[in-house]
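**Q** Sequence positions in the sequence shown follow this note's numbering and run 891 to 1049. Glycine included, every Cβ here is placed at the ideal spot set by N, Cα and C. Here the structure is a predicted model, which means the values were calculated and not measured. Quick one: structure below, then a few questions.
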Amino acid sequence: MIEMVSSGVGTGAQLRLRPPRALTARQFLALFASLAAAMWLVAGLGWWGGNVFAPAFALLDSVLVAAALRWSWRLGERREIISIGPEAVEVWRSAQPAPAFHAHPVWVRMEVGGDGESIVLSSSGVRCEVGAFLGPGERRQLATRLRALLEASRSPPTT
891 MIEMVSSGVG
901 TGAQLRLRPP
911 RALTARQFLA
921 LFASLAAAMW
931 LVAGLGWWGG
941 NVFAPAFALL
951 DSVLVAAALR
961 WSWRLGERRE
971 IISIGPEAVE
981 VWRSAQPAPA
991 FHAHPVWVRM
1001 EVGGDGESIV
1011 LSSSGVRCEV
1021 GAFLGPGERR
1031 QLATRLRALL
1041 EASRSPPTT
């Protein structure tokens, strides 16, 4: 998801990026509960039929599914903030305390690879891919917005 926040005329703008989420936290828990219930039902039937190892496998399977769902949820918490102003272009990532990219807008070049598969900002030999977790349509939208914002930051302000 792309959210644009404008700071005002001549002061720049921010693009806030986050991956799309199909489920809320409550829905994720309901998904795990229904999967675990189905696993334990089948394990109970297997145990009743004589398979003494079925509950152990159900427990192991429940732990693995919980870990996979937790990992998937954590991937959905990633964020990128692209700040474009008259003095600097910065890319901030949620897991990093310092900007992943910092350069003056005049020197920033944007490269769009392939059919919008990747968007890379570069300056002075430093390259930074942005929006890697977005879908193809959202990456094309991001490329269009970034191009317009970079052009606007390079042009002199009108009074």
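Spatial neighbours of residue 1008 within its chain, please: C-beta separation below 6 Å, excluding the five flanking residues on both sides.
**A** Position 118 of the sequence shown, counted from the start, is the residue given in the question as residue 1008. Excluding residues within five positions, the ones whose Cβ falls inside 6 Å are 1019.
**Q** Which whole runs of the beta strand (DSSP E) in the segment 957–998 are 3 residues long or more, in chain order?
**A** You should have 970–974, 979–983 and 991–993.
**Q** Rounded to a whole number of angstroms, what is the C-alpha to C-alpha distance between residue 990 and residue 914?
**A** Along the sequence shown, one-based indexing puts residue 990 at 100. Along the sequence shown, one-based indexing puts residue 914 at 24. Approximately 29 Å, taken between the alpha carbons.
**Q** If we count the other Cβ atoms within 10 Å of its Cβ and call it buried at 16 or more, is residue 1021 buried or exposed?
**A** If you number the sequence shown from 1, residue 1021 lands on position 131. The residue is buried, with at least 16 neighbouring Cβ atoms inside 10 Å.
**Q** Identify whether residue 929 lies in helix, strand or coil by the three-state DSSP scheme.
**A** Residue numbering aside, residue 929 sits at position 39 when the sequence shown is read from its first letter. Helix at residue 929.
**Q** Taking the Cβ atom as the reference point for each residue, do residue 973 and residue 902 lie within a distance shorter than 8 Å?
**A** By 1-based counting over the sequence shown, the position of residue 973 is 83. By 1-based counting over the sequence shown, the position of residue 902 is 12. Yes, they are a contact pair.
**Q** Can you tell me whether residue 1045 is buried or exposed? The criterion is at least 16 other CB atoms within 10 Å of its CB, across all chains shown.
**A** Translated into positions along the sequence shown, residue 1045 becomes position 155. Exposed, by the Cβ-count rule.
**Q** Taking all protein chains shown into account, do 16 or more other C-beta atoms lie within 10 angstroms of the C-beta of residue 924, making it buried, or fewer, making it exposed?
**A** For the purposes of this step, residue 924 is taken as the residue at position 34 of the sequence shown. Per the 10 Å Cβ criterion, exposed.
**Q** Rounded to whole angstroms, how far is the Cβ of residue 1043 from the Cβ of residue 987, which I believe are closer than 8 Å?
**A** To locate residue 1043, count along the sequence shown from 1; it is residue 153. To locate residue 987, count along the sequence shown from 1; it is residue 97. No, residue 1043 and residue 987 are not in contact; Cβ-Cβ is about 25 Å, not under 8 Å.
**Q** Would you tell me roughly how many angstroms separate the C-alpha atoms of residue 930 and residue 961, rounded to the nearest one?
**A** For the purposes of this step, residue 930 is taken as the residue at position 40 of the sequence shown. For the purposes of this step, residue 961 is taken as the residue at position 71 of the sequence shown. Straight-line Cα distance between these residues: approximately 22 Å.
**Q** For a quick check, are the C-beta atoms of residue 998 and residue 1024 less than 8 Å apart?
**A** Looking up residue 998 in the sequence shown gives position 108. Looking up residue 1024 in the sequence shown gives position 134. No. Outside cutoff.
**Q** Alpha carbons only, please: which of 963, 992 and 934 is nearest the one belonging to residue 976?
**A** To locate residue 976, count along the sequence shown from 1; it is residue 86. Ranking the options by Cα distance to residue 976, first place goes to 992.
**Q** What is the DSSP secondary structure of residue 1003, reduced to helix, strand or coil?
**A** Here residue 1003 refers to the residue found at position 113 when the sequence shown is read from its first residue. In this structure, residue 1003 counts as strand in the three-state DSSP scheme.
**Q** Write down the C-beta distance between residue 948 and residue 958 rounded to the nearest angstrom, noting that I regard them as a contact closer than 8 Å.
**A** Within the sequence shown, numbered from 1, the residue matching residue 948 stands at position 58. Within the sequence shown, numbered from 1, the residue matching residue 958 stands at position 68. The pair is not a contact, with the Cβ atoms about 15 Å apart (cut-off 8 Å).
**Q** Specify, as a first and last residue, the run of the alpha helix (DSSP H) that residue 903 falls within.
**A** Along the sequence shown, read from residue 1 onward, the residue named residue 903 stands at position 13. Careful: residue 903 lies outside any alpha helix (DSSP H), inside the beta strand (DSSP E) at 902–907.
**Q** Give the range of the alpha helix (DSSP H) segment to which residue 1032 is assigned.
**A** In the sequence shown, the residue the question calls residue 1032 occupies position 142. Where residue 1032 is concerned, the enclosing alpha helix (DSSP H) stretches over 1026–1044.
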